[in-house]
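Read through the structure below, which is laid out as C-alpha cells, and then see the notes.
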Amino acid sequence: MTEEEIRSAVALAVEALREKNPMAPSITNTVTQDFVANAQLAVGGSAAMLYMPDECESIAKIAPAFYINMGTAMPFYAETLPRAAKALHENQTPWVLDPVGIGLASLRTEILKQLKIFKPSIVRGNASEIIALAKLWELIEDVGGQVRGVDSTEKVSSAKASAIELAKFTGGAVAVSGEEDFVTDGKEEIQCAGGSELFTKITGSGCALGGVMAVYAAVASPFIAALTATTMFNLAGIKAAAQAPKPASFKVNFLDNLYELKSAEVAENFRVVGSFENLFNGLFRSGYEN
Amino acid sequence: MTEEEIRSAVALAVEALREKNPMAPSITNTVTQDFVANAQLAVGGSAAMLYMPDECESIAKIAPAFYINMGTAMPFYAETLPRAAKALHENQTPWVLDPVGIGLASLRTEILKQLKIFKPSIVRGNASEIIALAKLWELIEDVGGQVRGVDSTEKVSSAKASAIELAKFTGGAVAVSGEEDFVTDGKEEIQCAGGSELFTKITGSGCALGGVMAVYAAVASPFIAALTATTMFNLAGIKAAAQAPKPASFKVNFLDNLYELKSAEVAENFRVVGSFENLFNGLFRSGYEN
Amino acid sequence: MTEEEIRSAVALAVEALREKNPMAPSITNTVTQDFVANAQLAVGGSAAMLYMPDECESIAKIAPAFYINMGTAMPFYAETLPRAAKALHENQTPWVLDPVGIGLASLRTEILKQLKIFKPSIVRGNASEIIALAKLWELIEDVGGQVRGVDSTEKVSSAKASAIELAKFTGGAVAVSGEEDFVTDGKEEIQCAGGSELFTKITGSGCALGGVMAVYAAVASPFIAALTATTMFNLAGIKAAAQAPKPASFKVNFLDNLYELKSAEVAENFRVVGSFENLFNGLFRSGYEN
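Protein chains in written order, with this note's numbering: chain A, 1063 to 1352; chain B, 1063 to 1352; chain C, 1063 to 1352.
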C-alpha cells in the first residue's frame, strides 16, 4: 500500500464503523469491561461480553469480529478460549488477542500456547507482552528476561522484531503500545505518536484499545483496524489531556473525544516510517529509533 | 387505577425510595455492575451484587426486592439463578428479570425456561428480548424470526402483544425499552417518551434500568416500579443530553440528574394511553402506533 | 510514635508511592474493580486483579502488597483466597482484608474463618463488618446482633473495641469507616473526619479505600498505610463534594482530587486522639465519643 492508500483506508474505516455499527463480542477481563464497551460504542461499534464456552463458540461463528483479552482469567477460560478461537479461525473471522498477564502462571500460559494455531488477526500488547508472546510461540529466541504481568518494563523499540515475527506468522497485524506506538503487518511499519501520560493513571486503556481494534476489524483489514484504533486513541488522548490534566476527567473527555473525532484528522495522525522492503535494504534505517 | 392515581403513586414511589433506602440485591452481568449499582444508589436505593448459589438463595429470602440479569452468564448460574428465583417466588418477593442475550446458547435458554414457574414481578427488555421470552415461555406463537443477542432488532410496537401476555401470565408488569417505552401490567398501558439517542452510545443503561426497577419494587407495586424507573430514565436522559451531547459526559450527567429529579416532574412525564378494557373495545385503537 | 512522627510518616508515604509506583494485586469484587484500580493509580500505585488460585498464589509470593476483598465471592474463591493468604503470610507480605458481606452465607464465613491464621496486616470495614469479624475470629464475645451484608448498621464508635482486639491479634492495623473514621494499630488511635455523605451515593468507595491502603502498604507500615489512605479519601471527598454535590460528578472529582493532593495537607488532616497506654489510664477518656 502507498502512504496515500493507507491514509485513505483509515479515513474510510472511521466512517464505515459509524455507519454500520457492527458488534465485536469480547471475552475480556472483568476490571475494564465497562471501559472497553464504552470505547467500542463511542467509535460507532457495538459490544457484548461473554464467558460461557458454548455461547462464545456459537457467537464466534456469526460475529464479524471478536476480542479476546486474557486479563482476569477464570477457571472456565481453559475451555472457553480455545473453543472460541477455534471457531473464529475456522470461520476466518478476524479476532484480536491481548495477551495481558502473559507468564503469570501455568493455566494462562497453557491457554496462550493453544491459541497459537488459531492465528489472531491482530495481537495487541505493550512491549513486554509482545516479546513474551513471540517467545512463547517460539517465533524469536528466548534469551531470558522478565515479564512483570500487566505493566510494561520494556521500550516499544525493543519489541519491534517480535512484533514483525508475530505479524509474519499470523498473516495479520501487531500493535505495540507505549510512548510511541508501533503497528505492523510484517511489511508496512507505522509509528503513532500522541496519547498522554495520563493513560498510565487510568485503568484499561490498553484493553479498550484492543476492543476498539476488534470493532474496526469488522469493517477493515487487521492492519488498518489496528492502525485506526491506535491513532484514534492517541488523538483523543492528546485532546483530553489538554482539556483536563487529571485522570478521571481525562477518561471522560477521552471517551467524548473518541466519539467526536473526524475521519480526516485521524487519517493524518500517524507516521508511515517505511516498509520492510526498504527497511531491509537499509535505506530508511537512519530514521529508526532503535 | 385512574390516571390520577397512577401519577400520584409514581410521585410517592420516588419519595419513598429516597426516604427508606431499601436494598435490592442483584445477580447481574459483570460489564455494567458499576453502572447498575450507581443508578440504584442515585435514586435512593442500596445495592449488592452476588454470585454464589447459597448466598443468593439466603439473601433472596430476606431482601425486599431482587434483580436478575442474564447478561454475562457464568457456569455456576445454572445453580444460582433457579435457586434464587425459587426463594423469591416462595417468599413472594418482587423481582425483576432482564433476559439479556436470550437465545444465545443452550445453558442460558435452559435457565430461562426454568425461571418461568417463578414468575418475575417485572420483566424488562428491548422488543426483541420481550418477544423471544414470550415465545420461549410459549405465551405467544413462535412464527420464526431472529434475535440478535443484546441489541434490539425489533420495534417496541411489535412487542406489545408479547408484553401483555407476559404480564398476564406473571400477574406483574412488563417494560419494553426502545425509542418510546411501553409499560403494562396486562391491563393498563403506558407510553413513556424521552430518553436520548446517547443511551445507545453508552453501555448498560438497560441493565441499570432493570436494577432501578428492582429498588422501586421494594416500595411500590411492580407496575408502578417499572413505570417510575422508566420515566426517571427518560427524564434524566433528556436533561443529560441537553447538558452535554457526548457519551461519557452524558453518563455522568445522567446519573447526576437521576439523583436530582423531583417527584412531581417524574409523575408528569409519561402518557397513559388507555387500559385494555378500552383497547379491546377498539375505542382507543386509533391512537396506537401498531 | 509521637504525633510528629506519625504526621511525617504519612507525608513520606504519599510521596514514596508517587515515586515508586508499586503494584498491589487484588482479589476483589467485580462490581467495583474499575474504581479500585483507578483509585490505586490516582494515588501513584499500580493495579492488577486476579482470580485463579495458582496465579494468585504465585503473584502473592512476589508482590510488595496485596488486597483481598470478599465482595462478590465466586465458587473458586474457596481455593483462591486461602492459597493467596497463605503465600502472603509465609512471605510476610503486607495484605489488606476487606470482609465485605461477612455473615452472608456459609462459604464466605468458612473462608473468612480460614483466613484468621494468615493475619491480615490491615483489616478495613464498616463498623458492622469489623464487629462481625472480631466475633467470627472469637476475639470478642458474641452477644448477638445482626449484620446486614454490605451496609453498616452500626456506629463507628461501637466497633472500637473490636478494632483494637483485631489489631492486637494481627499485629497490624484496623480501619473502621464511617462518619468519623477510626484507625488503630492496637496502641495508637486516630480519628479521621471529613469525607462526604456523597460517598454513600456512589458504589465502591470502601473497596477503593481498601485497595489504596494496599498500595500504601507497599511503601509504609500497615498503620501508616491505613491512616494515609483514610485521610486521602476524607480530604479528596471534602474537596469533591464542594466542587459538585451530585454523585457521578463527585466520583470523577474525587479521583481527580486523590491525584492532586499534596503530602503536607494529607499529613495535617487527622486527629491523634491518644494512645491506649493513656486510654487505659483513663487520662484521655473524656475526649472519646463512646
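All C-beta atoms in this analysis are idealised placements derived from N, C-alpha and C, irrespective of residue type, glycine included. Computed from a predicted model, the values in this text were never measured in an experiment.
No Cβ-Cβ contact shorter than 8 angstroms links A1229 of chain C with F1180 of chain C. Checking the DSSP bridge columns, you'll see R1186 of chain C partnered with C:A1237.
Within chain C, D1096 have C-beta atoms less than 9 angstroms from the C-beta of D1096 of chain A, given in sequence order. Only residues of its own chain outside the window of five on either side were considered, and among them A1303 have a CB closer than 8 angstroms to the CB of E1259 of chain C, listed in chain order. For the C-beta of T1092 of chain C, the chain A residues within less than 7 angstroms are, from N- to C-terminus, T1092. Counting along the chain, N1091 of chain B sits inside no beta strand (DSSP E), nor does DSSP assign it H or E at all. Each residue's CA atom was taken as its position, placing P1156 of chain B and L1112 of chain A some 28 angstroms apart.
In the DSSP assignment, L1166 of chain C falls outside any alpha helix (DSSP H), carrying neither H nor E.
The C-beta of G1133 of chain A has 16 or more other C-beta atoms within 10 Å across all chains shown, which makes the residue buried. A1135 of chain B has its alpha-carbon roughly 9 angstroms from the corresponding atom of T1090 of chain B. For the options C:L1320, C:K1263, C:F1261, the alpha carbon positioned closest to that of I1264 of chain A is the one of C:L1320. Taking the beta carbon of N1100 of chain B as reference, the chain C residues within 9 angstroms of it are K1263, I1264, T1265, G1266, P1309, A1310, K1313, listed in sequence order. For L1103 of chain B, the neighbours in chain C by C-beta distance under 8 angstroms run, in chain order, T1262, K1263, I1264, T1265, P1309. Looking at the DSSP output, D1243 of chain C shares a beta bridge with C:C1254. What F1295 of chain C touches in chain A, judged by beta-carbon distance under 7 angstroms, is nothing: the nearest beta carbon there is about 14 angstroms away.
Here the alpha carbon of A1288 of chain C sits roughly 46 angstroms from the alpha carbon of P1084 of chain A. Boundaries of the beta strand (DSSP E) harbouring D1160 of chain C: 1157-1160, taken from the DSSP string. Between the C-alpha atoms of F1231 of chain C and E1066 of chain C there is a straight-line separation of about 26 angstroms.
Sixteen is the threshold: when 16 or more other Cβ atoms of the shown chains lie within 10 Å of the Cβ of R1170 of chain C, as they do, the residue is buried. The beta carbons of V1158 of chain C and A1279 of chain C sit closer together than 8 angstroms. Between S1070 of chain C and I1226 of chain A, the alpha-carbon positions lie close to 51 angstroms from each other. Shown here for C1118 of chain C: same chain residues with a beta carbon closer than 7 angstroms to its own, the five before and five after excluded, namely I1089, L1112, T1142, R1145, A1146 in chain order. Neighbourhood of P1144 of chain C in chain B, by CB distance below 7 angstroms: empty, with the nearest CB roughly 16 angstroms away. Within chain B, the residues L1112, Y1113, M1114, E1117 have their CB atoms less than 9 angstroms from the CB of A1135 of chain C, given in chain order. Annotation: the continuous alpha helix (DSSP H) that includes S1325 of chain A extends over 1325-1330. Less than 8 angstroms divides the Cβ of L1195 of chain A from the Cβ of I1164 of chain A.
Interface residue (Cβ-Cβ distance to chain A less than 8 angstroms): A1109 of chain C is classified as such. Close CB contacts of D1243 of chain B within its chain, under the 6 angstroms cut and outside five residues either way in sequence, are with C1254, T1292 (chain order).
Of all residues in the stretch 1272-1289 of chain B, none comes within less than 9 angstroms of chain C when Cβ atoms are compared.
I1193 of chain B counts as buried, since no fewer than 16 other beta carbons sit within 10 angstroms of its beta carbon.
Residue-level contact check: S1168 of chain B touches chain A, since one or more beta carbons of chain A fall below 8 angstroms from its beta carbon. Look at F1138 of chain C: its C-beta is under 8 angstroms from a C-beta on chain A. Between the beta-carbon of A1167 of chain C and that of M1114 of chain B there is about 6 angstroms, and that keeps the pair under the 8 angstroms contact cut. The C-alpha of L1177 of chain A lies about 14 angstroms from the C-alpha of L1201 of chain A. Annotation for Y1139 of chain A: I1173 place their beta carbon closer than 7 angstroms to its own, counting only its chain and skipping 5 residues before and after. A distance below 7 angstroms between beta-carbons, with the five flanking residues on each side excluded, links D1204 of chain C to the following residues of its chain, in chain order: K1197.
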